[in-house]
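Under numbering that gives the first Met the number 0, the letters of the sequence shown match residues 0 to 155, in that order.
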Amino acid sequence: MRYSGIYLSMILALLLGGCANPNTIIDDNKEIPNHNWAYVNRAAYDVQIDDPNSLYNIYCNLRITADYKYSNIFIIFRRGEHGKKPQATRYEFKLANPDGEWLGAGSGNVYSYRFKLLTNYKLPAKGKYHFELEQNMRDNPLKGVSDAGITIEKVK
């Protein structure tokens, strides 16, 4: 009987490990301290790209709490090769309907979102790239944001 728990744990680990998308380069979120996202508290990532011939989809991941007081959010997304000046793009994402209904996937009082930043994007060369997300709302810090992150997936 003692071995059945070990075998069950091994099978569970294999099943959960097999669920990962092999095309995912990174899927990570940074916790925002005290759910107060300040301008200087950027979600920053260094990512190694080994296949410059592939196309990539890049996403912004957000988790907000029910304390978030707006129906949208502005984000600045920076990307670039190390040692070169990064490119910055400002995005606006809709989080709620006009009636206040949250559009994200809800769990308790936390709502999760995944927004597409770049589709079929070709990175110019093999190497390390730097990506950043910065909140760009008028409030600083911006209350009610619990996590921010990126996902990069290789297009099949």
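Cβ coordinates follow ideal geometry from the N, Cα and C atoms, glycine included.
Residues near residue i by beta carbon distance below 8 Å, same chain, minus five either side
i, result
"methionine 136", "Tyr69, Ile72 and Phe73"
Assigned secondary structure, residue i (DSSP; H/G/I helix, E/B strand, else coil)
i, result
"leucine 15", "At leucine 15 the pLDDT is 49, less than 50, meaning the model places this residue with poor confidence and gives no usable figure here."
"asparagine 20", "coil"
"histidine 129", "strand"
"asparagine 33", "helix"
"valine 109", "strand"
"leucine 122", "coil"
"asparagine 139", "coil"
Euclidean distance between Cα positions of residue i and residue j
i, j, result
"tryptophan 101", "proline 85", "33 Å"
"tyrosine 38", "proline 140", "7 Å"
"valine 154", "alanine 65", "34 Å"
"leucine 116", "cysteine 59", "6 Å"
"asparagine 22", "glutamate 152", "5 Å"
"asparagine 52", "leucine 122", "8 Å"
Expected contact under 8 Å - CB spacing of residue i and residue j to nearest Å
i, j, result
"glycine 105", "histidine 34", "Contact flag wrong, Cβ pair sits at about 16 Å."
6 Å Cβ shell around residue i - same chain, five flanking residues per side excluded
i, result
"alanine 124", "Pro51"
"arginine 163", "Here the chain comprises residues numbered 0 to 155, so residue 163 is not present and cannot be evaluated."
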